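As C-alpha cells, the structure follows; a few thoughts come after it.
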Amino acid sequence: MRVSEQTLPELGVPVPSYRRDDVSVGIVHFGVGGFHRAHQAMYVDRLLEQGKAKEWGICGVGVLPGDRRMQEALAAQDHLYTLVLTHPDGTWEPRVIGSIVDYRYAPDDPEAVVELLAAPSTRIISLTVTEGGYNIRHDTGEFDVDDPAVQHDLRSGEPPTTVFGLVTEALARRRERGLRAPTVMSCDNIEGNGAVARRVFTEYARLLDPDLAEWISEHVRFPNSMVDRITPVTTDEVVSALSERFDVQDRWPVAAESFTSWVLEEAFADGRPPLEDVGVQIVDDVAPYELMKLRLLNAGHQGLCYFAYLMGYRLVHEAAQDPLLAGFVRAYMDTEATPTLEPVPGIDLDEYKTTLIERFANPEIRDTIARLCAESSDRIPKWLVPVIRENLATGGHVQLSAAIVASWARYAEGVDEQGEPIEVVDRLADTLVPIARRQLTHPTAFIENTEVFGDLAQNHRFVDAYTWALDALHNDGARATLKELPGEPE
Ligand code: NAD
C-alpha cells in the first residue's frame with residue numbers, strides 16, 4: 001500500500017497518531033537527505049507523538065538540482081515517509097514519520113522561501129548541507145568568497161540561489177521589520193558546527209552589509225551539536241524489501257541503524273522544542289562530545305574505507321568484520337585519537353569505541369565503502385587533520401593517521417589493486433586524481449596540496465610516516481601494509 005495521509009489508518013506499520021493538520025511550521029530545514037529524515041525529523045515526530053511541539057513542524061528546503069527528486073517524492077505522499085531502523089539481529093522496525101509537513105524546492109520560487117524564512121513563526125533554521133556546504137577554504141579556514149554560486153548571489157541582483165543568499169536575505173528582512181532573530185542550527189559533522197555556521201553566515205552578510213552582519217552576530221544564535229546515527233544512502237533493495245516485508249510502498253524511505261544520539265548546545269534565539277523529552281542531551285558545552293564523535297567515528301570510518309576499498313571490500317560491515325581492519329581502526333582510535341580528546345562527561349570511552357566497531361560491523365546497515373570514500377577532501381581536513389596536528393604539537397603518535405592519509409592518496413590514484421578503475425567522487429577530483437598519479441615519482445605530491453593539507457608536508461615526522469605507508473601501499477598492497485602497522489587484532 002502506498003504511503004499517504006489517506007492510507008495511514010490502513011498501513012500495517014506504526015504511523016503518526018497525531019493530527020498533522022494541527023502541526024504548523026516552526027523549523028525550516030535545508031538539506032533534507034537521508035540523515036535529517038533519520039534523525040532530527042524523527043525526534044520531532046516523537047515529540048508530536050507525545051502531543052508536544054505542534055508549532056515545531058518542519059518545512060524542508062532544497063537548493064540543488066538533485067533536490068528536485070526529494071521534492072517530488074515527498075509531495076507524492078503528503079510529505080510522509082518511512083524510517084526503517086535496522087537492528088543488528090536482523091529485525092526491521094519501520095515507522096511512518098509525519099513531522100515534515102511541507103517541502104520547497106527553492107529554485108521554483110526563491111521569494112516564497114525567503115518569506116518563509118523571514119516569517120516570525122519560523123524560529124529555527126536548521127541545516128544538514130554536508131561538510132562541503134559551508135563553503136570553507138581548507139587552507140585559510142575562511143568563507144570562500146570566490147565560489148561562483150556565492151558570487152552570483154552577491155553580485156547578480158537576481159533572487160538568491162544558495163543557502164547563504166536565501167537565509168541572509170531573510171535575516172535582512174527580519175531586521176528591517178523589527179522581528180526577532182531565529183536560531184540557525186547546523187547538524188552537520190563539522191567540529192564546532194555552530195561556530196562554523198556563525199562564521200560563514202556573518203562573513204557572507206558582511207560582504208553585503210556590515211550592519212546586518214553585526215545584527216546577526218548579536219541576535220542570531222548558532223548552537224553547536226553532536227549528531228550520531230549511521231544513515232546509508234537509500235538503496236532499491238530497501239525500497240523493495242519494505243514493500244515485500246511490510247506491504248509499504250514508499251518512493252523514498254530511509255533506513256538507519258537503531259543507535260541514535262544528539263547532544264545539543266543550549267543556545268537558542270527564540271525558543272526550541274522540548275527535545276530533552278525524547279532523549280536529546282541538552283548541554284552547555286558540546287565540544288567534548290563532538291571531538292569524541294568526529295575523531296573516533298568519522299575519522300575511524302576514513303581509517304577503514306580506503307584500505308577496505310583497496311582490499312576489495314565494498315560494504316562497510318564486511319570490512320569491519322575483518323580483524324586486520326578492525327584492529328587497525330581500533331589502534332588508531334586508542335593511540336592517536338583518544339589522547340587528543342577531553343574527558344567526555346557521562347561517557348565510557350572504551351565502551352564507546354567497542355560499540356563503534358560493533359556498529360560498523362552491523363550487517364543490517366549495508367552501508368557502502370563508496371559512501372565513506374566520497375567527498376574525502378571535505379572530510380579528512382575536518383576530521384583527521386586536526387588529530388594529526390594536535391599529535392604533532394604534543395609529541396603524540398601520527399603513524400596510523402599518516403597511513404590513513406596515504407591510503408586516501410593511494411585510493412585517489414583512481415585504480416585499485418586489481419587494476420580496475422575507481423570512481424573518485426570528490427568535488428576536487430579533477431585536481432586530486434592527477435596529483436595522486438604523480439606520487440609514483442614524487443611521493444609527497446598529494447600532501448603538498450595546501451588547499452587540503454595546509455603546511456603538513458613541511459613536518460618531517462609526518463612526512464616520514466606518510467611516505468613509508470604510501471611506499472608500502474604501492475609495493476606490497478593494502479593488506480600487507482596493515483600487517484606491518486601496529487594494530488590490535490580483535
Ligand atoms: P544526503 O546526500 O542524503 O543529503 C544531503 C543534502 O544536502 C541534500 O539535500 C543536498 O542537496 C544538500 N546539499 C549538499 N550540498 C549542499 C549545498 N552546498 N548547499 C545546500 N544544500 C546542499 O546526505 P545525508 O546522509 O543526509 O548527510 C548529510 C549530512 O548530514 C552529512 O554530510 C553529515 O554532515 C551529516 N550527518 C550524516 C550522517 C549519516 O550517517 N548519513 C550522520 C551524521 C551526520
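Following UniProt numbering, the numbering of the sequence shown begins with 1 at its first residue and continues without gaps.
A virtual CB, placed ideally from N, CA and C, is assigned to each residue, including glycine.
Owing to the predicted nature of the structure, the values given are computational and were not obtained by experimental measurement.
CB contact flag (residue i, residue j, <9 angstroms)
i	j	result
residue 505	Leu117	No information on residue 505 is available, as it lies outside the stretch 1 to 490 that the chain covers here.
Gln418	Pro486	no
Glu131	Ile190	yes
Glu336	Ser401	yes
Glu55	Ser121	yes
Ala267	Pro223	yes
Gln439	Ala472	no
Arg366	Thr235	yes
Arg180	His219	yes
Phe143	Arg199	yes
Val405	Ile447	yes
Asp211	Val3	no
Gly34	Pro273	no
Trp262	Gln40	yes
Val280	Leu264	yes
Bounding residues of the alpha helix (DSSP H) (the contiguous stretch that carries residue i)
i	result
His317	316–320
Phe201	193–208
Met70	67–75
Arg95	First-last for Arg95: 92–97, but that is the beta strand (DSSP E), not the alpha helix (DSSP H).
Thr260	No alpha helix (DSSP H) holds Thr260; DSSP gives it neither H nor E.
Met292	287–292
Beta-carbon separation (whole angstroms), residue i vs residue j, contact threshold 8 angstroms
i	j	result
Pro182	Arg123	5 angstroms
Glu451	His138	6 angstroms
Phe360	Phe328	That pair is no contact at about 12 angstroms.
Met226	Tyr289	4 angstroms
Tyr411	Leu310	6 angstroms
Ile125	Val184	5 angstroms
Residue i beta carbon near the ligand NAD (any heavy atom closer than 8 angstroms)
i	result
Thr162	yes
Thr122	no
Phe30	yes
Glu131	yes
Cys187	yes
Pro486	no
Thr481	no
Thr235	no
His36	yes
Arg229	yes
Met292	no
residue 522	Past the edges of the chain, shown from 1 to 490, lies residue 522, and the structure says nothing about it.
Asp322	no
Pro232	yes
His39	yes
Leu64	yes
residue 492	Residue numbering for the chain in the displayed model covers 1 to 490; residue 492 lies beyond these limits and cannot be assessed.
Gly414	no
Residues near residue i by beta carbon distance below 8 angstroms, same chain, minus five either side
i	result
Ala75	Tyr103
Thr161	Val63, Ala106, Pro107, Pro110, Ala149, His152, Asp153
Val13	Thr82, Pro94, Arg95, Val96, Phe246, Val248
Asn391	Glu336, Pro339, Thr340, His397, Val398, Ser401
Ala374	Val425, Asp426
Glu490	Legend: pLDDT at Glu490 = 42, less than 50; position of this residue unreliable, no value from coordinates given.
Gln302	Leu372, Ser376, Arg379, Ile380, Trp383, Leu384, Ile404, Trp408
Glu10	Met1
Leu208	Leu154, Thr168, Ala172
Arg177	Ala118
Beta strand (DSSP E) segment containing residue i, residue limits
i	result
Ile404	Per DSSP, Ile404 belongs to no beta strand (DSSP E); it is in the alpha helix (DSSP H), 399–411.
Gly57	57–62
Asp29	What sits at residue 29 in the sequence shown is His, not Asp. Looking at the DSSP string, the run of the beta strand (DSSP E) that includes His29 is 25–30.
Ile422	Ile422 -> no beta strand (DSSP E), and no H or E assigned at all.
Ser4	No beta strand (DSSP E) holds Ser4; DSSP gives it neither H nor E.
Met311	Counting along the chain, Met311 falls outside any beta strand (DSSP E), and DSSP gives it neither H nor E.
Gln40	No beta strand (DSSP E) contains Gln40, which is instead part of the alpha helix (DSSP H) from 40–49.
Neighbourhood of residue i by C-beta, 7 angstroms cutoff - its chain only, sequence neighbours within 5 removed
i	result
Val463	Thr444, Ala457
Glu364	Thr86, His87, Pro88, Gly90
Met42	Leu83, Ile97
Pro386	Glu191
Tyr313	Ala319, Ile369
residue 491	As displayed, the chain neither begins before 1 nor continues past 490, which places residue 491 out of reach and without an answer.
Contact with chain C by residue i, beta-carbon distance below 9 angstroms
i	result
Arg438	Although the question refers to chain C, the structure presented lacks it and comprises just one protein chain.
Close Cβ partners of residue i (< 6 angstroms) along its chain, the five nearest in sequence each way excluded
i	result
residue 491	With the chain covering 1 to 490 only, the question about residue 491 has no answer from this structure.
Leu297	Leu356
Gly165	Asp153
Glu276	Ile282
Leu428	Ser377
Leu294	Glu191, Trp383
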